[in-house]
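Chemist: According to this note's numbering, numbering within the sequence shown proceeds without interruption in unit steps and concludes at 747.
Below is the structure I would like to discuss, written out as structure tokens.
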Amino acid sequence: MQVSKIALAAVAALSLAGTAQAGTRYLTGASATALNATKALVGLCTDAAGTATIFKQDATATSLGNFFTVQCSKNFAGLADNTVAFNVDGGSFTAVEASTGGVGVKFVPAAGGTATAGSGNLAGLALRTGVTATGTQLSEGGFMDVEPAAFGSLTDPFGGIDGLAGNVAPAAFSQVFGVAVSKALYTALQSAQGITSACGSDDRAPACQPSISRAQYATIVSSNFNAPKTEGAAFLGGPVNTKLTLCRRVDTSGTQAASNQYFLNNLTGGTPGVLGGTAPASASGFPLTGTEALATFGVSESATTSQARTCLASTSAYNIGVLSLENTPATTDNYRFVKLSRVEAFDVTGTNRSKATAKTGEYDFVFNSFKYTAGGAGSSDVIEAIDGKLGDLTNNNGLFGNTESSYSRGGNNANVITKQ
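Written out as structure tokens, the structure is:
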């Protein structure tokens, strides 16, 4: 089978590349779970009585960015290696493209950089910032927010869904997603829904969060030329004649695939207009600038979670999009999560946030994550080690081990969530 030959070639290349820098493993895939995967490796380092350092290209102390490497002063517990490098530029489907697809990508070396103490979402982590990603290295796979079937035609070069089946397995954890908005849109929604008098503007507490319905967001992200495209921000209670910007992810993103399934029925609905699926709005269909741009609506497409956050982080524009609940906006951040059909996911309090309502089956924008391994499902000890640690940890925002809840999709994201 052609895919098997490609996979074997990729594994062979990995073996050769590994001799050049022994002790380093290379992963691609989901950016939504990047922070939690990092925490899992830090935990595996601590289990080995070692000290972890994160080398990253991003110069900030609060965000991992797209290129980062976790190194332990000892081998990670249960592994014969002490360094794991990540490239999450492009999102979930790069776990396939940069491994089985034979497309080498850049990674950050575990050297150099400026010593920085992590803060915000990276609080407690030792960082080395400003390290340039280099090289052309194959990965051995990585984590995906949803299974390859959710990516439709992107799987065609690899033999389709059946061709990739032997490389995929459900992960031990599930990821919670939510609708996020810019500060300006958040306060406009609060005002339109009569919340400000009781809570005060910009209050993030669950009782003070405004709500967007599943139908409203589906209308916004649909490719159909409908009310949000002509009304702009006024569709959600914002000022009239004001642009509404959709901050979506690119097609290779698992966050985008999850949004397409949850709101537009893409995974289970199949062909738009025939089996119930609806095509998502895109930057090509609704550009932000140029002669074809609308004054009331436009789409931005971001390769990574951090870029989507940047799009959403506006104090004056009316922007909206989907993020994983791994993201926890601080007071100083310029984006906010809203309730979905009047049920909150984001919780402003505590260190173990944004999953309580998902675990009880009240909030259902939740998907089982998956592992993709170029050498065959279960063949990567580092992917399995991270997965096992994430399944055990209980202090990860927006992510919970599948054994923590009796509600699940049963290892297939085409299923509805039910109590097992």
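Note that beta-carbon positions come from the ideal geometry of N, C-alpha and C, so glycine has one too.
These figures come from a predicted structure and were not determined experimentally.
Suppose the cutoff is 7 Å on Cβ atoms and the five residues either side in sequence are ignored; what does the same chain contact list for residue 635 look like?
Modeler: Counting from 1 along the sequence shown, the entry for residue 635 is found at position 308. For residue 635, where only same-chain residues beyond five positions count, the Cβ hits under 7 Å are 574, 576, 629, 648 and 650.
Chemist: Note down the Cα distance separating residue 334 from residue 657, rounded to an integer number of angstroms.
Modeler: Within the sequence shown, residue 334 is the residue found at index 7, counting from 1. Within the sequence shown, residue 657 is the residue found at index 330, counting from 1. Residue placement at residue 334 is flagged as unreliable, the pLDDT there being 45, under the threshold of 50; the coordinate-derived value follows with that caveat. Residue 334 and residue 657: Cα-Cα distance of roughly 42 Å.
Chemist: Hey, residue 698 and residue 727 are a contact pair by Cβ (cut 8 Å); roughly how many whole angstroms apart?
Modeler: In the sequence shown, the residue the question calls residue 698 occupies position 371. In the sequence shown, the residue the question calls residue 727 occupies position 400. The Cβ separation is near 17 Å, so there is no contact.
Chemist: Considering residue 567, what are the terminal residues of the beta strand (DSSP E) in which it resides?
Modeler: Counted from its first residue, the sequence shown places residue 567 at position 240. Unbroken run through residue 567: none, as it is neither H nor E.
Chemist: Could you tell me which whole alpha helix (DSSP H) segments of length 4 or greater appear in the stretch 666-738?
Modeler: Whole alpha helix (DSSP H) segments, 4+ residues: 683-686 and 708-719.
Chemist: For the candidate residues 718, 429, 583 and 666, whose alpha-carbon lies nearest to that of residue 540?
Modeler: Taking the sequence shown and counting its residues from 1, one reaches residue 540 at position 213. Answer by Cα proximity: 666.
Chemist: Hey, how far is the Cα of residue 421 from the Cα of residue 355?
Modeler: Taking the sequence shown and counting its residues from 1, the one referred to as residue 421 is at position 94. Taking the sequence shown and counting its residues from 1, the one referred to as residue 355 is at position 28. Going from the Cα of residue 421 to the Cα of residue 355 covers about 6 Å.
Chemist: Is it buried or exposed, residue 525, if we count other Cβ atoms within 10 angstroms and call 16 or more buried?
Modeler: Position 198 of the sequence shown, counted from the first residue, corresponds to residue 525. Exposed.
Chemist: So, are the CB atoms of residue 639 and residue 579 less than 8 Å apart?
Modeler: Within the sequence shown, residue 639 is the residue found at index 312, counting from 1. Within the sequence shown, residue 579 is the residue found at index 252, counting from 1. Not in contact: residue 639 and residue 579 (Cβ atoms no closer than 8 Å).
Chemist: In terms of residues, what are the limits of the beta strand (DSSP E) holding residue 583?
Modeler: Within the sequence shown, numbered from 1, the residue matching residue 583 stands at position 256. Element bounds for residue 583: not the beta strand (DSSP E) but the alpha helix (DSSP H), 581-591.
Chemist: What did DSSP end up calling residue 478 once you bin it into helix, strand or coil?
Modeler: Locating residue 478 in the sequence shown gives position 151, counting from the first residue. Helix.
Chemist: Since I believe residue 350 is in contact with residue 410 (beta carbons under 8 Å), could you give me their beta-carbon distance rounded to a whole number of angstroms?
Modeler: Residue numbering aside, residue 410 sits at position 83 when the sequence shown is read from its first letter. Residue numbering aside, residue 350 sits at position 23 when the sequence shown is read from its first letter. Right, their Cβ atoms sit about 5 Å apart.
Chemist: So residue 709 and residue 385 are in contact, right, with Cβ under 8 Å, and what is the actual spacing, rounded?
Modeler: Position 382 of the sequence shown holds residue 709. Position 58 of the sequence shown holds residue 385. About 22 Å; that fails the 8 Å criterion.
Chemist: If distances are taken between C-alpha atoms only, which option among 530, 372, 512 and 361 comes closest to residue 771?
Modeler: Examination of residue 771 is not possible in this model, given that the chain is present from 328 through 747 alone.
Chemist: Mind checking residue 376: buried by the 16 CB within 10 Å criterion, or exposed?
Modeler: One-based indexing of the sequence shown puts residue 376 at position 49. That one is exposed.
Chemist: Can you say whether residue 444 is buried or exposed, counting buried as having 16 or more other CB atoms within 10 angstroms of its CB?
Modeler: Position 117 of the sequence shown, counted from the first residue, corresponds to residue 444. The residue is exposed, with fewer than 16 neighbouring Cβ atoms inside 10 Å.
Chemist: Below 7 Å CB to CB, which residues in the same chain sit around residue 722 once its five sequence neighbours on both sides are set aside?
Modeler: Along the sequence shown, read from residue 1 onward, the residue named residue 722 stands at position 395. So the list reads 678 and 679, once near-sequence residues are dropped.
Chemist: Where residue 370 and residue 497 are concerned, what is the direct C-alpha to C-alpha distance, given to the nearest angstrom?
Modeler: Residue mapping note: residue 370 aligns to position 43 of the sequence shown, counting from 1. Residue mapping note: residue 497 aligns to position 170 of the sequence shown, counting from 1. Whole-angstrom Cα-Cα distance: 22 Å.
Chemist: Which whole-angstrom value describes the C-beta separation of residue 749 and residue 477, a residue pair presumed to lie in contact below a C-beta threshold of 8 Å?
Modeler: Outside the displayed range of the chain (328 to 747) lies residue 749, so it cannot be described from this structure.
Chemist: In its own chain, which residues sit with a C-beta less than 7 Å from the C-beta of residue 674, not counting the 5 before and 5 after it?
Modeler: Working through the sequence shown from its first residue, we reach residue 674 at position 347. Only 533, 680, 681 and 683 meet the Cβ criterion.
Chemist: Find out if the Cβ-Cβ distance for the pair residue 633, residue 615 is shorter than 8 Å.
Modeler: Looking up residue 633 in the sequence shown gives position 306. Looking up residue 615 in the sequence shown gives position 288. For residue 633 and residue 615, no; Cβs fall outside 8 Å.
Chemist: If residue 748 sits next to residue 393, beta carbons under 8 Å apart, how far is it from one beta carbon to the other, in whole angstroms?
Modeler: Here the chain comprises residues numbered 328 to 747, so residue 748 is not present and cannot be evaluated.
Chemist: Between the Cα of residue 562 and the Cα atoms of 690, 520 and 701, which residue gives the shortest distance?
Modeler: For this step, residue 562 is matched to residue 235 along the sequence shown. Residue 562 has its Cα closest to that of 520, out of 690, 520 and 701.
Chemist: Count Cβ pairs between the stretch 483-501 and the stretch 544-560 that sit closer than 8 Å; are there 3 or more?
Modeler: Judged by Cβ distances under 8 Å, the stretch 483-501 makes no contact with the stretch 544-560, as fewer than three pairs qualify.
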